[in-house]
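Below: the structure, in structure tokens.
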Amino acid sequence: QQSTLGLWEEGCTATAMAASAGGRISLPGAATNAAGGADAGEGDSGALQVAEALRTIALKNPCAHCGKQGALKRCSICKQVWYCGAECQKAGWRRHKKRCAPPLSINEICAKVLAAHTAGKWRGVLEWEVRMEELMEGQPDAACNGILSWFFIAHLRGSLSTGSPQHALSAASLGSRRVDLLGKMERFRDQGEAMCSISDNLAAAGKHQEAAGWLERARKIAEAHGFFSVECRACHGLGIQAMREGRDAEGLELLQNALAAAPLSEHEGINPWELLVLHSLINALFKTDAIEELEPLVLRHREAVKEESAREGSLEPDGIESFIFSARLHEARGRPQEAERDVRALLDFVRENRARVQDIAGICL
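The numbering used here puts the first residue of the sequence shown at 38, with every later residue one more than the last.
Set out below in structure tokens:
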């Protein structure tokens, strides 16, 4: 690999070209005189300013090998990475050569990103995030929203796979851009759902107050347009936040509102959040010792699990939880024999579904 033309060299080239033209160039925002030259300009002073401006931009580039800021040499093949000089480029070539390739056209990049997204390869999508703005340039709002969604979902998958808060924050940042676009397109249900997703990612990164702010915005949209699925998600998230902060009465009310909206969301053609909300509400009631309210909810949870298993054809963690909830309820109400019966039923359930239970344990871990 030959060492390549860096941004500083490009600046020098600009200087030479401008000098040969008599130095009559103007910088963005610079005042010019009547003759078209820069006010500061004698000879090639304007071109020198261009070169210096380019060099200032270059100082922000980290070296792809050592990480030092101010790398001025760019790879001549892919034009995507920068180096301090020939020594760093040579040392970093073994790693870089696997990904080094001539720049692709926008259509080629778009095809690669879509293929990686469809295959669920989030790392493959994020390899092209540096070109995201190019992909979106000149595209209609609907297409821009789709492109943002690719990278949003990739960061979401990265957050779930690695537990990295940086992925969660990146997903939240991309989600906020989607919210603006969806508002412009008047896709208000999708906008509310996007706000809830932003909140989920901010909460995963530990930014609970910011997460609550997005949920409040989503709730207002839900109330204004009657979107029960958005109302369910927003009230559920706000209820969890209230319980975490010790505002139990407010949290229980919000979770009950979420549960009331959950079955209605089926009419919107969206998967109901009933099981998730029931799980949170039952745990909240156990926390506050509201035993009298628990029995119908525990029964409802078990029925919901049966319906979900029949519909999806697979065992979910909720199937195990339904036995645990029932046993805890019987124990709290002083019915040890019924509690023991539920524990034995749980053990039988685990034995019959051992392989799937092991998969669930791995997912939970």
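Just so you know, even glycine gets a beta-carbon here, dropped at the ideal spot from N, CA and C.
DSSP, read as helix, strand or coil, puts residue 165 in coil.
Per DSSP, the continuous alpha helix (DSSP H) segment holding residue 131 begins and ends at 123 to 133. Annotation for residue 313: 273 place their beta carbon closer than 8 Å to its own, counting only its chain and skipping 5 residues before and after. If the five residues before and after residue 209 are omitted, its C-beta is found closer than 6 Å to the C-beta atoms of 235, 238, 239, all from its own chain and listed in chain order.
It is roughly 22 Å from the alpha-carbon of residue 176 to the alpha-carbon of residue 207. The C-alpha of residue 200 is placed about 22 Å away from the C-alpha of residue 270. Apart from sequence neighbours up to five positions away, the residues of its chain that approach residue 277 with a beta-carbon distance below 7 Å are 317, ordered along the chain. Rounded to whole angstroms, residue 215 and residue 224 show a C-alpha spacing of 11 Å.
Distance from the CA atom of residue 330 to the CA atom of residue 341, rounded to whole angstroms, is 17 Å. Within a 10 Å sphere around the beta-carbon of residue 218 sit 16 or more other beta-carbons, which makes this residue buried. Only residues of its own chain outside the window of five on either side were considered, and among them 105, 106, 108, 119 have a CB closer than 8 Å to the CB of residue 99, listed in chain order.
Taking the Cβ atoms as the reference, residue 205 lies roughly 13 Å from residue 213, outside the contact range of under 8 Å.
With a beta-carbon spacing of about 4 Å, residue 255 and residue 232 fall inside the 8 Å limit used to define contacts.
Listed in chain order, the non-local C-beta contacts of residue 187 below 8 Å within the same chain comprise 150, 151, 154, 162, local neighbours out to five positions each way being set aside. Only exposed fits residue 123, as fewer than 16 other CB atoms lie within 10 angstroms of its CB.
Among the bridge pairs identified by DSSP, residue 99 is matched with 106. Per DSSP, the unbroken alpha helix (DSSP H) holding residue 196 starts and ends at 178 to 199. Just measuring C-alpha positions, the residue of 141, 128, 131 sitting nearest residue 115 is 141. For the 8 Å CB-CB criterion, residue 315 and residue 337 form a contact.
Residue state for residue 224 is assigned as coil, using DSSP reduced to three classes. DSSP places residue 111 in the strand class (E or B) of the three-state scheme. A Cβ-Cβ distance of about 5 Å is found for the pair residue 184 and residue 173, placing them in contact under the 8 Å criterion.
For residue 266, the enclosing alpha helix (DSSP H) stretches over residues 265 to 281. In terms of CA proximity to residue 192, 157 leads the group 283, 379, 258, 157. Under the criterion of beta carbons closer than 8 Å, residue 194 and residue 165 do not qualify as touching, at roughly 15 Å. If you draw a straight line from the Cα of residue 325 to the Cα of residue 296, it is about 18 Å long. Residue pairing by DSSP places residue 119 opposite 111 in a beta bridge. Residue 144 counts as exposed, since fewer than 16 other C-beta atoms from the protein chains shown sit within 10 angstroms of its C-beta.
Restricting attention to 298, 293, 387, 281, the CA atom closest to the CA of residue 267 is found in 298. If the five residues before and after residue 259 are omitted, its C-beta is found closer than 7 Å to the C-beta atoms of 229, 267, 268, 271, all from its own chain and listed in chain order. Setting aside the 5 residues that flank it on each side, residue 311 is surrounded in the same chain by 299, 341, each with a C-beta closer than 6 Å to its C-beta; the list follows chain order. About 6 Å separates the beta carbon of residue 360 from that of residue 382, a gap short enough to meet the 8 Å contact definition.
In the three-state reduction of the DSSP assignment, residue 300 falls in the helix class. By the Cβ-count criterion, residue 384 is exposed, with fewer than 16 other Cβ atoms from all chains shown falling within 10 Å of its own Cβ. In the structure shown, the three-state DSSP call for residue 144 is helix.
DSSP, read as helix, strand or coil, puts residue 390 in coil.
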